[in-house]
Amino acid sequence: GAVPQISLVMGPCAGGAVYSPAMTDFVMMVRGTSHLFVTGPDVVKTVTREEVTQEELGGASVHTKKSGVAHKSFPNDVEALLATRALFDYLPLSYKSELPVKQTADKPDRLAPALENLVPEDSNMPYDMKKVIEQVVDEGSYFEIMPDFAKNIICCFGRMDGRSVGIVANQPKELAGVLDIDASVKAARFVQFLDCYDIPIITFVDVPGFLPGTAQEHNGIIRHGAKLLFAYAEATTPKLTVITRKAYGGAYDVMSSHHLRGDVNYAWPSAEIAVMGAKGAVEIIFRGKDVEKNTYEYTSKFANPLIAAERGFVEDVINPETTRQRLNEDLDLLMDKDLSNPPKKHSNIPL
2 GAVPQISLVM GPCAGGAVYS PAMTDFVMMV RGTSHLFVTG PDVVKTVTRE
52 EVTQEELGGA SVHTKKSGVA HKSFPNDVEA LLATRALFDY LPLSYKSELP
102 VKQTADKPDR LAPALENLVP EDSNMPYDMK KVIEQVVDEG SYFEIMPDFA
152 KNIICCFGRM DGRSVGIVAN QPKELAGVLD IDASVKAARF VQFLDCYDIP
202 IITFVDVPGF LPGTAQEHNG IIRHGAKLLF AYAEATTPKL TVITRKAYGG
252 AYDVMSSHHL RGDVNYAWPS AEIAVMGAKG AVEIIFRGKD VEKNTYEYTS
302 KFANPLIAAE RGFVEDVINP ETTRQRLNED LDLLMDKDLS NPPKKHSNIP
352 L
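Structural data, given as structure tokens:
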């Protein structure tokens, strides 16, 4: 947390040496030539009788898609180096340094009319949250972290009026944007990094809840989900949130809500802020009676952001096209934010 650390793995790395890159903030790998594993194929064969190649055991594809050890992979060394330079442009030199600012011709109050019709009227229809990010950030440019791991959540760097920001967003195109173990861990680590260097966090929310099932429960979704909640709650950097559609139950709380000291929460008119979806709520409340009628009434009353706005859970219900303008205005106000946590030796995040 003193200075950003980036590792480029361009060849084999085995045994205890793997923990050197593993402890750094970002790990880049080269497909076909870089390998990371604690024990090599020969040891694995001796102990478990599994026959596996170096690529299958610890290649770039394994660590960017399955294990989450690496953040990005590239076809050759040159592209890995160029991407590292691009990432470095978003980062301050240390936790004491000012955020880098890049001159841009993209006006901070630019409207984005393409956002007006991006969210489908049918709340069960997916859409691409990356298109929202492209419309909001400077010149539609961003640098995604871990694009092939836990695709149901997006973590990326972007710029707003030239300033570096970090963006966390649910992705409705993948698993309907639910939070699961991998998504929680991915986003929690990213949020903690952003807070280390006072990089503002912008969160786009469209989350129907946590992924249900015995596999998630038995593998510790409670513990791993708590990591994301903890990271957002502890973060003292500016935190801005935009609810684009679904914000249900505990998953809504976790995604930088006011309950976790979020500075500004906005909702689009399409937002639904509730304990759960209309159908599930009706089945519980009315015990399955007159489901269609009661679902319609429940949806009309609660499937909108107005009640949440009345109770102060969101600052305003905004037109989607003004999202960039409103976020830039708030970033201007929050750049001098000064908030500290209670004194302690260090936090005890539920690892």
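Residue numbers for the sequence shown follow this note's numbering, beginning at 2 and rising by one.
Glycine residues also receive a C-beta, built at the ideal position from the N, C-alpha and C atoms.
Predicted model, so just to flag it, every value in this text is computed and none were measured.
- Message: If I follow the unbroken beta strand (DSSP E) through Val-208, where does it start and stop?
- Response: Looking at the DSSP string, the run of the beta strand (DSSP E) that includes Val-208 is 202-208.
- Item | beta strand (DSSP E) segments (min. 3 residues) lying fully within the region 201-276 | 202-208, 240-249, 265-268, 273-275
- Query: If you draw a straight line from the alpha carbon of Thr-34 to that of Val-63, how long is it in whole angstroms?
  - Reply: 13 Å
- Would you kindly report the start and end of the unbroken beta strand (DSSP E) that includes Gly-278? That residue, Gly-278, is in no beta strand (DSSP E); it is neither H nor E in DSSP.
- Item | Cβ-based neighbour list, Ser-95, same chain, cut-off 7 Å, excluding 5 preceding and 5 following | Ala-3, Val-4
- Label Gln-6 either buried or exposed according to how many other C-beta atoms from any shown protein chain fall within 10 Å of its C-beta, with 16 as the threshold for buried. exposed
- Segment contact flag, the region 126-144 with the region 101-117, C-beta cutoff 8 Å, min 3 pairs: yes
- Selection from Pro-239, Tyr-253, Ile-308 that minimises the alpha carbon distance to Pro-270: Ile-308
- Specify, as a first and last residue, the run of the beta strand (DSSP E) that Lys-73 falls within. 73-75
- CA-to-CA distance, Pro-209 to Gly-178, given in whole angstroms: 7 Å
- Under the three-state reduction of DSSP, which class applies to Ser-301: helix, strand or coil? helix
- Task: Leaving out five residues on either side along the sequence, give the residues of the same chain with a beta carbon under 8 Å from the beta carbon of Leu-82.
- Result: Counting only Cβ-Cβ distances below 8 Å, and skipping sequence neighbours, we find Leu-9.
- Query: Does DSSP put Pro-13 in a helix, a strand or coil?
  - Reply: Of the three classes helix, strand and coil, the one that applies to Pro-13 here is strand, per DSSP.
- Task: Can you check the region 104-148 for any beta strand (DSSP E) of at least 3 residues that lies completely inside it and give the ranges in chain order?
- Result: 143-146
- Rounded separation between Ala-84 and Val-206 - CA only: 28 Å
- Message: Alpha carbons only, please: which of Ser-74, Arg-327, Cys-14 is nearest the one belonging to Ile-319?
- Response: Selected option, being the one with the closest Cα: Arg-327.
- Since Glu-56 contacts His-36 with CB under 8 Å, what's their CB separation in whole angstroms? So it is a contact: roughly 7 Å between Cβ atoms.
- Task: Return the chain-ordered list of same chain residues with a C-beta closer than 8 Å to the C-beta of Asn-305, the five sequence neighbours on each side being excluded.
- Result: Pro-270, Ala-272, Glu-273
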